[in-house]
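Engineer: One structure is given below, represented as C-alpha cells, and several questions about it will come after.
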Amino acid sequence: MDLYRSKISRKLFIKLFIIIISLSVLMRAYYMLRYNFLVLDNDAIGITKTIASIELSGRIHPDIGYIYSNGFGYQLYSLTASLLSNIPVLNYQLCVRPLLGTVTPIVSFLFFSTYLKERRIVLVSILLLLVSPIILFETTRASHMFMDISFLLLSFYLLKKYLDCNNKQWLLLLIPVLICLGITNIFMALIINIGLAVTILVKNYSEKYFPSKITDIKGEKSDHNNIFLIFIMFIILSFVSIYTHPVMFSMSMHVLDTIISIGSSLSSISTPVAYTYVTSAWKSPLLYWTVIVIYNITILPLSLISFTYLLYNIFIKKNPISTEKISMIAVFGIMGLLVVVSIIIDFIGAGGIGSNLQLRITTLIIPFSIVIIGFHSQLDPVSLIHKIFYNNSVIFIFLLFIIGSMLYITADPLVSNSWRYTNSNEINSMYWLENQLDEQMTVWEGDNIVTGSRYAMAYDLFMPFSSDRKLIFVPASMEPKYYLISKITSDHYADSEISIASLKYFDLIFENGDSKYFTIFKK
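Read in order, the letters of the sequence shown are residues 6 to 528 in our numbering.
Structure follows, in C-alpha cells:
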C-alpha cells in the first residue's frame with residue numbers, strides 16, 4: 006500500500022503518530038548524552054542557576070545567585086517537578102528536561118489537526134516541525150523555550166476552536182494558557198498576544214467588509230469582543246508582572262532605552278545562530294552548514310510561495326473566500342510581519358535585545374510556515390507542493406532534515422567521539438583546582454576559544470554561588486598570564502587542524518595528580 010497516495014485510517018494514523026513521538030524521544034536522548042550538551046548553552050546554564058537560587062532562597066525573586074530576567078514561570082515549574090520527584094535540579098535539567106521537549110510535537114497535533122483536515126498532511130506537518138533544527142534545539146535544551154512554543158501552538162489551537170464555534174469555554178481555557186505564557190517569558194508572550202489580537206482584527210474586518218465574498222460565513226455574527234478583553238487583561242498582567250519582578254522591570258527599561266536610541270546603533274549588526282562560535286572547528290564547514298540550513302531554505306520559501314498563492318487566488322483570480330483561507334492568511338501574515346519587524350530591530354538596534362528577538366521570534370514563524378504549506382497542498386491537489394508531500398522520495402528529504410537537526414543541536418562533529426562532558430572526575434578536578442590556588446588567576450585555553458568557553462560554563466554551573474572565585478576564563482585576544490590544557494579536549498581536537506597554543510618556556514605550577522585533567526603553566 007502506497008502510504009502517500011492512500012487515505013490513512015485512524016488506526017494507522019495513531020501508529021504513525023506514536024512512531025513520530027518515539028523518534029522525538031530518541032533524538033532528544035541522543036542530544037542529552039552528547040559531549041557538549043548543557044555546558045555549551047549559556048541560557049540553559051543561567052536558568053539552571055536561577056532554579057538553584059530559588060530553591061536556596063525560597064523566594065520567587067531570589068536575593069542570591071543568578072536571576073533570569075525575562076520571566077520566572079519555567080523556573081517555578083521545574084523546581085516544583087524537581088522537589089516532587091526528589092531529583093536534584095542539575096540532574097533534572099540534564100536528564101529529564103530534554104525529554105520533556107516531546108510535549109511540543111504532542112501539542113502540535115492539536116494545532117495542525119484543527120487547521121488541516123487531511124490526516125496525511127497533519128502527520129507530515131508534525132514530523133516537519135519535529136525535524137526543524139531551530140525548533141528541535143529550542144525545545145530540547147534546558148530552557149523555557151519548549152513551553153513558549155507549546156503555549157504558542159496551544160493558544161492558536163484554542164483561538165481557532167473559539168472562532169469556529171463561538172463557544173466561550175475555549176476562551177476560559179485560553180486565559181490560563183496566556184497567564185502561564187506571560188510569567189514564563191514576558192516578551193515572547195507579548196509578541197504572541199499581539200499576533201492573536203491582530204488575527205482577530207483581520208478576521209473581523211474581512212467578515213464586515215467582504216461578507217458577500219465569503220462562501221461559508223455563518224448567518225449569526227460571531228462575538229469576538231471577548232478576545233480583546235483577554236488581550237487587555239494580558240496587557241495589564243504584563244505590566245503587573247514586570248513591575249513586581251525587579252529584574253524584569255530593569256530589562257524592560259533596557260528594551261525601551263534600546264528602541265528609543267535605535268538610530269544611534271546603525272553600525273552594530275548581529276546575526277545569531279546556535280553555536281556560532283564553534284563553526285571554525287569544522288573540517289568541511291560549507292558542507293556541514295549546508296546540511297544544517299537546508300531546512301530553512303526549503304520550508305521558508307515554500308511557505309512564502311503558499312502565502313502568495315492564497316493572496317493571488319483571492320485578489321487576482323477573485324476566487325471565493327472561505328473563513329479557512331482568512332484564518333490562514335491572518336495567522337501566517339501577522340506572525341511573519343512580527344518576524345520581519347524583529348529582524349529589523351535586530352539589525353538596526355542590536356542593543357542586547359536584537360539577537361534574542363531575531364533568534365527567538367524567527368522560531369515562532371516555523372509552525373505557521375508548515376501549516377500554510379500543508380493548507381496549500383490540501384487546497385490545490387495538482388500543485389507542485391502537493392506532489393512533493395505525496396511522493397515517496399520525501400522520506401530522503403526528511404532524513405536529510407534529521408541529520409541537519411542533529412548537527413545543529415549537538416554541534417557534531419565539532420566535539421564528537423565522546424559522551425557526557427562533565428563526568429565526576431572532571432568536576433572533582435575543578436574543585437581541586439579551586440582549592441589549590443591561593444590567589445585569583447586568569448586562565449586561557451590557547452588559540453581555541455571553544456575550550457575556555459566550555460570550561461568557564463562548566464565552572465560556573467557547578468560553582469554558581471562562589472563569592473571568592475579564583476579562576477577567570479577569557480579569550481585568547483586578552484593575553485592573560487596563565488594557560489589551561491585538558492587532556493580530554495586535546496583528544497577531541499586531535500583529528501582537527503586546531504592546535505593549542507605552543508607552551509614553550511613556561512614553568513609548571515600545578516598538576517592534577519595522575520589524572521592529568523588540568524595542567525596550568527605560568528610564564
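The C-beta atom is built at its ideal place from N, Cα and C for all residues, glycine as well.
#1: Give the secondary structure of R64 by DSSP, where H, G and I count as helix, E and B as strand, and everything else as coil.
#2: Helix, strand or coil, according to DSSP, for N198 in the structure here?
#3: Around the C-beta of N198, are 16 or more other C-beta atoms found within 10 angstroms, so that it is buried, or is it exposed?
#4: Quick check on DSSP: helix, strand or coil for A147?
#5: Going by Cα to Cα distance, which pick from L115, I139 and I140 is closest to L128?
#6: Kindly list the residues whose CB is nearer than 6 Å to the CB of R33, restricted to its own chain and excluding five residues on each side of it in sequence; keep chain order.
#7: Are the beta-carbon atoms belonging to L529 and V298 less than 8 Å from one another?
#8: V344: buried (16+ other C-beta within 10 angstroms of its C-beta) or exposed?
#9: Less than 7 Å separating the Cβ of E123 from some heavy atom of the ligand SAM?
#10: Is the region 309-324 touching the region 176-189, taking contact as three or more C-beta pairs under 8 Å?
#11: The alpha helix (DSSP H) spanning L22 covers which residue range?
#12: What is the rounded straight-line gap between the Cα of S83 and the Cα of L99?
#13: Terminal residues of the continuous alpha helix (DSSP H) containing V399?
#14: For the candidate residues E123, L307 and I50, whose alpha-carbon lies nearest to that of Q18?
#15: Return the residue from the list M333, N190, G409 and L95 that minimises the CA-CA distance to S374.
#16: Helix, strand or coil for P485, going by three-state DSSP, please let me know.
#17: Taking buried to mean at least 16 other C-beta atoms within 10 Å of its own C-beta, is V376 buried or exposed?
#18: Can you list, in chain order, the residues of its chain with a C-beta nearer than 6 Å to that of I52? Leave out the 5 residues immediately preceding and following it.
#19: In terms of residue numbering, what span does the alpha helix (DSSP H) encompassing K323 cover?
#20: Taking I126 as part of the alpha helix (DSSP H), name the residues at either end of that continuous run.
#21: Residues in its own chain within less than 7 Å of K165 by CB, not counting five upstream and five downstream?
#22: Pick out whichever of F161, S347, F156 and F192 has its Cα sitting closest to the Cα of I205.
#23: By the 10 Å Cβ neighbour count, where 16 or more other Cβ atoms means buried, how is T276 classified, buried or exposed?
#24: Thinking just about the alpha-carbon of each residue, which of L195, D153 and L135 is nearest to the one in L31?
#25: May I have the straight-line CA-CA distance separating L201 from M193, to the nearest angstrom?
#26: Tell me the DSSP secondary structure of P386 in three-state form.
#27: Going straight from the alpha carbon of Y282 to that of S137, what length do you get?
#28: State the DSSP-derived secondary structure class of L369, mapped to helix, strand or coil.
#29: Mapping DSSP to helix, strand and coil, what is T107?
#30: If you draw a straight line from the C-alpha of I408 to the C-alpha of I414, how long is it?
#31: Measure from the alpha carbon of F156 to the alpha carbon of each residue in L168, T313 and I180, then state which is nearest.
#32: How long is the line joining the alpha carbons of K392 and S62, rounded to whole angstroms?
#33: Where does T313 land, buried or exposed, given buried means 16+ other C-beta within 10 angstroms?
#34: Is the beta carbon of L133 less than 8 Å from the beta carbon of I13?
#35: Which one of L28, D153 and I371 has the shortest CA to CA distance from F77?
Structural biologist: Concretely, from the data shown:
#1: coil
#2: helix
#3: buried
#4: coil
#5: L115
#6: P103, L104, G106 and T145
#7: In the structure displayed, the chain extends from 6 to 528; residue 529 sits before or after that span and is not available.
#8: buried
#9: Summarising the ligand content, the structure contains no ligands, and the ligand SAM is consequently not present.
#10: no
#11: According to the sequence displayed, residue 22 carries Phe and not Leu. Unbroken alpha helix (DSSP H) run through F22: R15 to L38.
#12: 12 Å
#13: V399 to T415
#14: Note that residue 18 is Phe in the sequence shown, not Gln. The option with the nearest alpha carbon to F18 is E123.
#15: M333
#16: Note that P485 has pLDDT 38, beneath the 50 cutoff, so the model's placement of it is unreliable and the number below is only indicative. Coil.
#17: buried
#18: Y73 and S148
#19: Note, K323: premise wrong, no alpha helix (DSSP H); not H, not E.
#20: R124 to L135
#21: T119, Y120 and S332
#22: F161
#23: Residue placement at T276 is flagged as unreliable, the pLDDT there being 31, under the threshold of 50; the coordinate-derived value follows with that caveat. The residue in question, T276, is exposed, as its Cβ has fewer than 16 Cβ neighbours within 10 Å.
#24: L135
#25: 13 Å
#26: coil
#27: At Y282, the pLDDT of 36 sits below 50, so the modelled position is not reliable and the matter cannot be decided from this model.
#28: helix
#29: coil
#30: 10 Å
#31: I180
#32: 58 Å
#33: exposed
#34: no
#35: D153
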